Structure formats: C-alpha cells, structure tokens
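Residue numbers (my numbering): 337 to 427.
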C-alpha cells in the first residue's frame, strides 16, 4: 500500500497541475462532474456509516434486550446526524 501511495500521489499531482490550465470552475461539465463525484462520495460515506458501523452496534445483544437503550441510541444517532448537518452548512 505504501508503494501504491508513493506512485499514485505524484501522478495525481502532475495530472492536477496539467489540468489546471484548461479547467474552468463555472463550466457546465465541471459542475456536473463535481456534483456527481460529491454524490458518490457522500453515498459511500452514508453506506459505511449505516451498514458497516451502526448496524453492528445496534444489533448487539445488550441493545436488543433493552427498548429504553434502543431509544437512547436512536436519539443519539439522530442528534449526531443533525450536528453533522449543521457543520456541513458552513463547510
């Protein structure tokens, strides 16, 4: 992985420098491309958060045995999502 990172990082930097001369921030194709890449990234983040991380915690025997603990966990998750949404507003 270190070798792969060491090879791809300079390549990405060189590609970015080469494309910076022809890239226009407000062109239609640039805005669509950035929007699609942001949507893919956020979709992957939501999937990882909900399916891989939260599902394992919410399906544990301790939480499954207590309705009160389930409600508290859901409220905490919703407050966390709301807090992240507020932070994202200024990012």
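Every residue gets a Cβ at the ideal spot worked out from N, C-alpha and C, and that includes glycine. For clarity, every value in this text was computed on a predicted model and none was experimentally measured.
> Taking DSSP as the reference, what is the three-state secondary structure of residue 383?
Replying inline: helix
> So, residue 405 versus residue 399, is the Cβ gap smaller than 8 Å?
Replying inline: yes
>> Is the separation between the beta-carbon of residue 354 and that of residue 360 shorter than 8 Å?
In response: no
>> Could you compute how far the alpha carbon of residue 373 sits from the alpha carbon of residue 385?
In response: 18 Å
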